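Heads up, the thing below is written out as structure tokens.
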Amino acid sequence: MTIMFTSEKKGELENIGDSHALIRSRLLRENGRFLPAKAFKMRKYFFNDKEHGFFKTQKRESPMNNPMADPSMATEMLRSNALNMVPMIVIGSWINWAFSGFLTTKVPFPLTYRFKPMLQRGCESLTSLDASWVSSASWYFLNIFGLRSMYGLVLGSDNAADNSMILPDHQVPTPQAPQDMQKAFKAEWEALEVVDHHWALADCETRLLNRLS
Numbered sequence: 369m370t371i372m373f374t375s376e377k378k379g380e381l382e383n384i385g386d387s388h389a390l391i392r393s394r395l396l397r398e399n400g401r402f403l404p405a406k407a408f409k410m411r412k413y414f415f416n417d418k419e420h421g422f423f424k425t426q427k428r429e430s431p432m433n434n435p436m437a438d439p440s441m442a443t444e445m446l447r448s449n450a451l452n453m454v455p456m457i458v459i460g461s462w463i464n465w466a467f468s469g470f471l472t473t474k475v476p477f478p479l480t481y482r483f484k485p486m487l488q489r490g491c492e493s494l495t496s497l498d499a500s501w502v503s504s505a506s507w508y509f510l511n512i513f514g515l516r517s518m519y520g521l522v523l524g525s526d527n528a529a530d531n532s533m534i535l536p537d538h539q540v541p542t543p544q545a546p547q548d549m550q551k552a553f554k555a556e557w558e559a560l561e562v563v564d565h566h567w568a569l570a571d572c573e574t575r576l577l578n579r580l581s
């Protein structure tokens with residue numbers, strides 16, 4: 369159910385285009401020496417012209433300071449948490465109602481009485497019962513919260529069941545802040561502006577013949 373209702377956020381076309389432009393500019397800086405002077409200047413003009421250059425004409429809004437302020441992100445997190453928690457609450461409540469007072473198993477080693485509240489939920493009235501016995505409700509929660517490694521081994525590390533095990537830790541990972549494209553454009557413009565063209569293939573025929581002779 370979690371996999372069906374969880375939607376992946378697709379990157380916007382504008383952000384993808386901006387990222388590709390930055391990559392093209394970086395490749396031009398690193399490998400421009402293999403282009404003729406005219407081809408290099410045309411590409412540099414496209415990016416760095418002070419009036420018509422890509423990095424000068426494209427204006428981008430600064431991303432929000434707090435990524436959690438994005439309503440779509442908050443809605444997605446709330447929906448994911450609800451879809452993970454609701455089945456666990458429903459099944460746990462049903463087991464607690466239907467099998468309250470039942471003992472299901474016994475751990476193969478002795479335990480102190482401090483473990484009774486954790487292992488014998490629903491059987492609190494049995495004060496003289498050995499702490500090694502486990503009630504049905506406690507057994508359910510032990511299986512849910514203790515089999516995370518087994519879920520990962522059987523279903524894979526990125527499965528929905530494994531993700532639901534992260535919720536009890538109450539640790540929400542910090543989303544990665546979106547890149548400020550305006551600052552990235554400015555930095556790339558400055559880096560490309562200081563690059564001078566030195567054609568690496570000048571007189572390459574002569575150098576090749578001299579090496580072979």
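With our numbering applied, the sequence shown has no gaps in its numbers, which climb one by one up to 581 at the end. Ideal Cβ placement from N, Cα and C applies to all residues, glycine included. Keep in mind it's a predicted model, so treat the numbers as computed, not measured.
Its Cα nearest to that of residue 500, the residue 476 stands out among 476, 490, 557 and 507.
Here residue 549 has 386 and 428 as same chain residues with Cβ atoms under 6 Å from its own Cβ, once five neighbours each way along the sequence are excluded. In this structure, the beta-carbon distance from residue 489 to residue 505 falls below 7 Å. The beta-bridge partner set that DSSP reports for residue 418 is empty. Shown here, residue 503 sits in a strand according to DSSP, grouped into three states. Counting C-beta atoms within 10 angstroms of its own C-beta, residue 484 has 16 or more neighbours from the protein chains shown and is therefore classed as buried. Residue 563 is not a Cβ neighbour of residue 447, given a cutoff of 7 Å.
Here residue 471 is bridged, per DSSP, to 503. Pairing residue 561 with residue 568, the inter-Cα distance amounts to about 19 Å. Inter-residue distance for residue 402 and residue 451 is about 55 Å (C-alpha atoms, whole angstroms). In the DSSP assignment, residue 427 falls outside any alpha helix (DSSP H) and carries neither an H nor an E. Between the alpha carbons of residue 392 and residue 422 lies a gap of roughly 12 Å. Residue state for residue 494 is assigned as coil, using DSSP reduced to three classes. Taking C-beta atoms as the reference points, residue 471 and residue 503 count as a pair closer than 7 Å.
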